[in-house]
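> I have a structure I would like to understand better, so I am pasting it below and will then ask my questions one at a time.
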Amino acid sequence: MKQVYLDTFGCQMNVADTDRMELILFHSGYQRTQAKEDADLILVNTCSIREKAEQKTFSLFGGLKPLKMANPDLILGLTGCLGQQDGKKLLQRMPYLDFVIGPDQVEEISQAVDRVQSTNKSFVWTGFDQEKTYSIPELSGKKPRSPGPSAFVNIIKGCDKFCTFCIVPFTRGREKSREPEELFNEVRHLVKQGAKEIILLGQNVNSYGKRGLKNPMAFHELLYGIAEIPGVQRLRFITSHPNDFTRETIRAYRDLDILMNHLHLPVQSGNNQVLKAMRRDHTIEEYMGLLEELKSEVPDIAFSTDVIVGFPGETEEAFEDTLKIMAKVGYSSSYMFAYSPRPGTPANELPDSVPDEIKKCRLQKVIALQHKQSGKLGQSFVEKNVEVLIEGKSSKPDFAFKGRNPQYWNVNLQAGEDIFKVGDTVNVLVENVTGHSLNGKAIL
Ligand code: SAH
Ligand code: SF4
Ligand code: F3S
């Protein structure tokens, strides 16, 4: 078999896209390798959410160039969001590239490779396909590997929200939901292959089913539907938007035992003026109201979030509102970013008024606060039992396995490898905490 080396930047959507490329290429005679030097084909699945993601991509390609120079038969492709965003410009900047494709061409990866081989000419192939959604990865046939106990299922592609800072609506196009039957089939298939936990995936999962489905179904109905599939032991979803969060979904948290008690709900800022300028279309009071409602139904629910500091016009007071909201909610974890202007987005037209130094300083402050909060929350699990789905071997020497508890904390556990195996759900007595990991012993 030929060898393909795949590298991924960006979000879970991109990870899932890379997995699909691996599967499709496997059926075209390519096996995945971890060594670039051995590869016949190198694909970098890119992200353009912040400038840093772009820079990392360019420096990676800088390192790949000598390989291509030494071996002209090597095929070098750039896929994903940066490809969609910059298209031809990328070929001008990196003439040694063979092709650039966007996120909607991921399923055509074999055709792209064939085209290079038959024409020997570089090309750009981007654009959105409004007819197609993500197709079901083949339900039969040989596979490069099995899904593991925790599997992702894409339920919707694209985003219609157009938050003013965000490139995603431009790189992924309009929202399109997959038909429920197709999703149920995919979940059944994954369970048959050993998946115990299903994580529903999309830039905006709770926009699911708003329009365009032949068999209309709302997001919460999808949750109830998946919960009925035998063998699904855990259900999660990322990412949802506060504005699409319905009462019915809150009720689903209460009704469905398998819906894990964790919600990742990006807040971005704690200040109403900033939220407005970001076009999040909700106030901080509405956001807090939602969390409170959820908490009253599911008292042990954990929240995590995304935060941007240094958005244009963010004053010191506005920034402090973000710190206040973080302290008030007590997030178990946060993804925190300094605002990065993105070409073509509305916020890019605003003066980038917060100097880099201040952005950095604010970022450090939110990180320090989150660190403190995570530490405190982690301690609250010590000497308690947590239920853990074993997802793999632990990388820490003293522990046999790693997994997650319902609140999505990493757990390293000591356990007899002859007694437990990957995919089992076990009770673990937590002994101590390191960073965002709970450490403990399995209880028989
Ligand atoms: N669809 C998800 C998040 C998508 S991008 C949602 O709406 O919640 C992941 C995170 O990256 C965003 O939540 C935001 O916090 C951050 N992000 C997006 N664009 C950014 C930019 N231009 N600068 C800094 N952070 C950004
Ligand atoms: Fe970007 Fe906003 Fe869409 Fe999330 S909801 S992907 S932040 S535009
Ligand atoms: Fe990046 Fe595209 Fe995801 S821009 S964050 S890879 S949707």
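Count along the sequence shown from 1, add 1343, and you get the number used in the numbering used here.
The beta-carbon is built from N, C-alpha and C at its ideal position, and this holds for glycine as well.
Predicted, not measured: the structure shown is a model, and the values here were computed from it.
State yes or no: is the C-beta of Leu1505 nearer than 7 Å to some heavy atom of the ligand SF4?
For the purposes of this step, residue 1505 is taken as residue 162 along the sequence shown, with counting starting at 1. The identity of residue 1505 in the sequence shown is Phe, whereas the question assumes Leu. Indeed, a heavy atom of the ligand SF4 lies less than 7 Å from the Cβ.
> Using only the alpha-carbon positions, how far apart do Val1617 and Pro1684 sit?
Counting from 1 along the sequence shown, the entry for residue 1617 is found at position 274. Counting from 1 along the sequence shown, the entry for residue 1684 is found at position 341. Their Cα atoms are separated by approximately 15 Å.
> Rank Thr1422, Ser1780, Pro1487 by C-alpha distance to the C-alpha of His1370 and give the top, closest one.
In the sequence shown, the residue the question calls residue 1370 occupies position 27. Distance check between His1370 and each of Thr1422, Ser1780, Pro1487 places Pro1487 closest, using alpha-carbon atoms only.
> Assign Pro1686 to one of two classes, buried (16 or more other C-beta atoms within 10 Å of its C-beta) or exposed (fewer than that).
If you number the sequence shown from 1, residue 1686 lands on position 343. Classification of Pro1686: exposed, given that the 10 Å Cβ count is below 16.
> Out of curiosity, what's the CA-to-CA distance linking Lys1475 and Ala1455?
One-based indexing of the sequence shown puts residue 1475 at position 132. One-based indexing of the sequence shown puts residue 1455 at position 112. Rounded to whole angstroms, Lys1475 to Ala1455 spans 18 Å at the Cα level.
> Provide the residue(s) that pair with Ile1733 in DSSP beta bridges, ordered along the chain.
Here residue 1733 refers to the residue found at position 390 of the sequence shown. According to DSSP, which records beta bridges pairwise, Ile1733 is partnered with Gly1746.
> Per DSSP, Val1358 is paired with what?
The residue labelled residue 1358 in the question sits at position 15 within the sequence shown. Bridge partners of Val1358: none, in fact.
> Threshold first: 4 residues or longer. Then list the alpha helix (DSSP H) segments lying entirely within the stretch 1590 to 1637, N to C.
Counting only runs of 4+ residues, the alpha helix (DSSP H) found wholly inside the stretch 1590 to 1637 occupies 1590 to 1598, 1615 to 1620, in chain order.
> Buried or exposed for Ile1786, going by 16 or more other Cβ atoms inside 10 Å?
Reading the sequence shown from its first residue, position 443 is the one you call residue 1786. It counts as exposed.
> Note down the Cα distance separating Tyr1373 from Ile1542, rounded to an integer number of angstroms.
On the sequence shown, residue 1373 is found 30 positions in, with the first residue counted as 1. On the sequence shown, residue 1542 is found 199 positions in, with the first residue counted as 1. Roughly 28 Å between the two C-alpha positions.
> Does the beta-carbon distance from Thr1422 to Val1449 come in below 8 Å?
Locating residue 1422 in the sequence shown gives position 79, counting from the first residue. Locating residue 1449 in the sequence shown gives position 106, counting from the first residue. Going by C-beta atoms, Thr1422 is nearer than 8 Å to Val1449.
> By Cβ distance, which residues of its chain are closer than 8 Å to Leu1666, with the 5 residues on each side in sequence left out?
As a position in the sequence shown, residue 1666 is number 323, starting the count at 1. Beyond the five residues adjoining it in sequence on each side, Leu1666 comes within less than 8 Å, by CB distance, of Gly1613, Lys1708, Val1709, Leu1712 in the same chain, given in chain order.
> Can you tell me which of Asp1416, Glu1394, Val1387 puts its alpha carbon nearest to the alpha carbon of Gly1405?
Numbered from its first residue, the sequence shown carries residue 1405 at position 62. The option with the nearest alpha carbon to Gly1405 is Val1387.
> Please report the straight-line C-alpha distance between Ile1668 and Ser1402, rounded to a whole angstrom.
Start at 1 with the first residue of the sequence shown, and residue 1668 comes out as number 325. Start at 1 with the first residue of the sequence shown, and residue 1402 comes out as number 59. When rounded, the distance between both Cα atoms is 37 Å.
> Take Asp1350 and list the residues in its own chain whose beta-carbon comes closer than 6 Å to its own, dropping the five residues that flank it on each side.
Here residue 1350 is taken as the residue at index 7 of the sequence shown, counted from 1. Answer for Asp1350: Val1387, listed in chain order.
> Could you check if Gln1454 belongs to the surroundings of the ligand SAH, using beta carbon to heavy atom distance under 7 Å?
As a position in the sequence shown, residue 1454 is number 111, starting the count at 1. Flag unset: Cβ of Gln1454 not near the ligand SAH.
> From the DSSP output, which residues share a beta bridge with Met1679?
Locating residue 1679 in the sequence shown gives position 336, counting from the first residue. DSSP, once it has assigned bridges, lists Val1650 as partnering Met1679.
> Determine the DSSP secondary structure at Tyr1567, reduced to helix, strand or coil.
Along the sequence shown, one-based indexing puts residue 1567 at 224. Here Tyr1567 sits in helix by DSSP.
> Helix, strand or coil for Gln1448 per DSSP?
The residue labelled residue 1448 in the question sits at position 105 within the sequence shown. Gln1448: helix per DSSP, three-state reduction.
> By the DSSP assignment, the beta strand (DSSP E) with Ala1494 in it spans what residues?
On the sequence shown, position 151 is the one that residue 1494 refers to. 1493 to 1497 is the span of the beta strand (DSSP E), which, as asked, contains Ala1494.
> Could you tell me whether the stretch 1596 to 1615 touches the stretch 1551 to 1565, using the rule of 3 or more Cβ pairs below 8 Å?
no
> Does DSSP classify Ala1396 as helix, strand or coil?
For the purposes of this step, residue 1396 is taken as the residue at position 53 of the sequence shown. In this structure, Ala1396 counts as helix in the three-state DSSP scheme.
> Can you tell me whether DSSP reads Gln1473 as helix, strand or coil?
For the purposes of this step, residue 1473 is identified with residue 130 of the sequence shown, where counting begins at 1. DSSP places Gln1473 outside both helix and strand once states are collapsed to three, so it counts as coil.
> Which whole-angstrom value describes the C-beta separation of Gly1568 and Ser1520, a residue pair presumed to lie in contact below a C-beta threshold of 8 Å?
The count along the sequence shown starts at 1 and reaches residue 1568 at position 225. The count along the sequence shown starts at 1 and reaches residue 1520 at position 177. Actually they do not touch by this definition, with Cβ atoms about 13 Å apart.
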